[in-house]
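Asker: Chains as they are written, first to last, in the numbering used here: chain A, 5 to 249; chain B, 5 to 249.
All C-beta atoms in this analysis are idealised placements derived from N, C-alpha and C, irrespective of residue type, glycine included.
The structure's right below; bear with me while I get my questions together.
There are 2 protein chains.
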Amino acid sequence: MRTYKMTIIYDGTRYQGWQRQKNTDQTIQGILEASIGKIAGYPVEVNGSGRTDGGVHAKGQTASITLSGRVDETTFREELNKILPEDIRVKEMLLVKNGFHARQNAKGKRYEYFIDTREKPDVFARKYCCHYPYGLNIAAMEEAAGYLIGKHDFSGFTDKKDEKSTIRTIYDIIIEKQDSRIRIEYYGTGFLYHMVRILTGTLLEVGTGEKKPDEAISILEAGKREYAGFLAPARGLFLKEVYYT
Amino acid sequence: MRTYKMTIIYDGTRYQGWQRQKNTDQTIQGILEASIGKIAGYPVEVNGSGRTDGGVHAKGQTASITLSGRVDETTFREELNKILPEDIRVKEMLLVKNGFHARQNAKGKRYEYFIDTREKPDVFARKYCCHYPYGLNIAAMEEAAGYLIGKHDFSGFTDKKDEKSTIRTIYDIIIEKQDSRIRIEYYGTGFLYHMVRILTGTLLEVGTGEKKPDEAISILEAGKREYAGFLAPARGLFLKEVYYT
């Protein structure tokens, strides 16, 4: 038995998200398991670092698999990329120590969110950003982001209340203007269900003046989802990197 | 009766090309005519500057339409964009002198073609470039491009032989390296069926050394399609601008 770590890129547009579902082959995990099973010759479970929602993309999702023995990683990865659809690519495959688990061993994650601020949406980037042409005050957004960085109970920033713990640490939020788009990067220990998209919706509402920057503090304190901003669309979100050490 | 000129952006991925077909709504012209007819309240013919093949994109296709009277261009365009699919956008609508025809009055066109030279294709750009990771000698490609610039009989660079004339003038071909991609821009009076894609396939074969740069001259002289390079895929091609003055 040998454990391998995979780094996976995908365009989430066509998919119902990462997590395998019973009656559909429209999930990333489902397609990876079917394809890896075909090459291995026996069923293989693919354990992702976490679930991504339908429509969310990844530049560096990670997953662990256990194979019955040693394989040549390069050959295996190339064979796999041949049968995967072109919007899912395995970028890297590494032999890791037995028992490695992509979710349980993850130490941190980095996400990025892209906002198209042009008056008219960019036709060719439309699946990879959220169109939001309402004039954004970046300084106000940065002030709000400052209140969100740190170890907090983020229960006001999730749409699922049954997590064991809603405490997470955000190490950094970087807001960067790039010509006609804005990139927001989130780096932290981990993120709750919908958390990055609700953080983004909240920062956007601060950017337009609909919310004051220090409302970020009261949302954290109250822990009420309805105080936070809208759920920013999935299409603008990318899982960029998962950290293990 | 009033004539208007429209500038149109589209992502050609989902479509069978510009030209209206009998039993499909999967053409850009067909969708524009149906949508404009809905707003005008009567059938309107949309005359494009030229046809683009299935899968080819446009950043600045132009078309002329004739409406029964004067309309407010901004309102009309905004109403139209509301009912058009999100991969077709009318960027500009201008009142022009009666009788203006987007194809007949066109004086020149600019196309661009994008080549992804990375070893592994860029998952998020895959619909907007041709993946060609074979090592390209740009200087050789520029030499070949130099032979193609000018007024020539381009019958070796088309897949359709029944044009009235196969003589065209290419004003310029610019080959530009941008990080991991190459952009080739073609500017000329007009281009024959498949001409930009065959020119690109030929330049790519010069880039890999499969063809010598001066074979461009013999292809022009012989006028034989089979001497030219492969038909580069539609997905890398953009109609960038159409010139009228």
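Are the Cβ atoms of B:Y14 and B:R114 separated by less than 9 Å?
Answerer: No, these two residues do not count as a Cβ contact at 9 Å.
Asker: Report yes if the C-beta distance between B:M97 and B:R81 is below 9 Å; otherwise report no.
Answerer: Yes; because the gap between Cβ atoms is below 9 Å, this pair is in contact.
Asker: When the Cα atoms are used, what is the spatial distance from A:Y175 to A:I188?
Answerer: Distance between the alpha carbons of A:Y175 and A:I188: 13 Å.
Asker: Can you give me the C-alpha to C-alpha distance between B:S222 and B:V50, rounded to a whole angstrom?
Answerer: So the alpha carbons of these two residues sit roughly 39 Å apart.
Asker: Please name the residues in the segment 116 to 150 of chain B whose beta-carbon is closer than 8 Å to at least one beta-carbon of chain A, in chain order.
Answerer: Under the 8 Å Cβ criterion, the segment 116 to 150 of chain B contributes K124, P125, V127, F128, R130 and Y132.
Asker: Would you report the Cα separation of A:K86 and A:Q20, rounded to the nearest angstrom?
Answerer: Distance between the alpha carbons of A:K86 and A:Q20: 22 Å.
Asker: Would you list the one or two residues that DSSP bridges to A:Y191?
Answerer: BP columns for A:Y191 point to A:R114 and A:D176.
Asker: In the DSSP assignment, what residue or residues form a beta bridge with A:S68?
Answerer: A:S68 is bridged to A:K9 and A:N51.
Asker: Could you spell out the range, first to last residue, of the beta strand (DSSP E) harbouring A:F158?
Answerer: A:F158 -> no beta strand (DSSP E), and no H or E assigned at all.
Asker: Which stretch, first to last residue, makes up the alpha helix (DSSP H) that contains A:L235?
Answerer: First-last for A:L235: undefined, no H or E at that position.
Asker: Helix, strand or coil, according to DSSP, for A:R185 in the structure here?
Answerer: Three-state DSSP puts A:R185 in a strand.
Asker: Within the same chain, show all residues whose beta-carbon is closer than 7 Å to that of A:D57, passing over the 5 residues directly before and after it, in chain order.
Answerer: Only G21 and A238 meet the Cβ criterion.
Asker: Compare the Cα-Cα distances from B:E116 to each of B:L203, B:D157, B:I40 and B:N102 and report the closest residue.
Answerer: Checked all of B:L203, B:D157, B:I40 and B:N102; the closest Cα to B:E116 is B:L203.
Asker: Compare the C-beta of B:D15 against all C-beta atoms of chain A and say whether one is closer than 9 Å.
Answerer: Chain A, which has a Cβ nearer than 9 Å to the Cβ of B:D15, makes this yes.
Asker: Given this structure, state the Cα-to-Cα distance separating A:T193 from A:N141, to the nearest angstrom.
Answerer: Each residue's alpha carbon lies about 28 Å from the other.
Asker: With distances taken from CA atoms, which of B:M145, B:F128 and B:Y151 is nearest A:T17?
Answerer: Out of B:M145, B:F128 and B:Y151, B:F128 has the C-alpha closest to the C-alpha of A:T17.
Asker: At a CB-CB cut-off below 9 Å, which residues of chain B make contact with A:E90?
Answerer: P125, V127 and R130, listed in chain order.
Asker: If the cut-off is 9 Å on Cβ atoms, which residues from the segment 79 to 110 of chain B count as contacting chain A, listed in chain order?
Answerer: Listed in sequence order: N85, E90, D91, I92, R93 and K95.
Asker: Alpha carbon to alpha carbon, how far is A:Q65 from A:K181? Give it in angstroms, no decimals.
Answerer: Spanning the two alpha carbons is a distance of roughly 25 Å.
Asker: Going by the beta-carbon positions, is the gap between B:E230 and B:K63 smaller than 9 Å?
Answerer: Going by C-beta atoms, B:E230 is not nearer than 9 Å to B:K63.
Asker: Strictly under 9 Å for the Cβ-Cβ distance: is A:H156 near chain B by that measure?
Answerer: Output row for A:H156: interface = no.
Asker: In this structure, does DSSP put B:L99 in helix, strand or coil?
Answerer: B:L99 falls in the strand class under three-state DSSP.
Asker: Which value, in whole angstroms, describes the spacing of the CA atoms of A:F118 and B:P89?
Answerer: Roughly 22 Å separates the two Cα atoms.
Asker: Got a sec? Which residues, its chain only, sit under 7 Å from A:Q33 by beta carbon, not counting five neighbours each side?
Answerer: The answer, listed in chain order, is W22, Q23, R24, V50 and G52.
Asker: Within a Cβ cutoff of 6 Å, which residues of the same chain sit near A:K95, ignoring the five residues on either side of it in sequence?
Answerer: Cβ within range, chain order: T11 and I13.
Asker: Note the first and the last residue of the continuous alpha helix (DSSP H) segment covering A:Y151.
Answerer: Per DSSP, A:Y151 belongs to the alpha helix (DSSP H) from I142 to L152.
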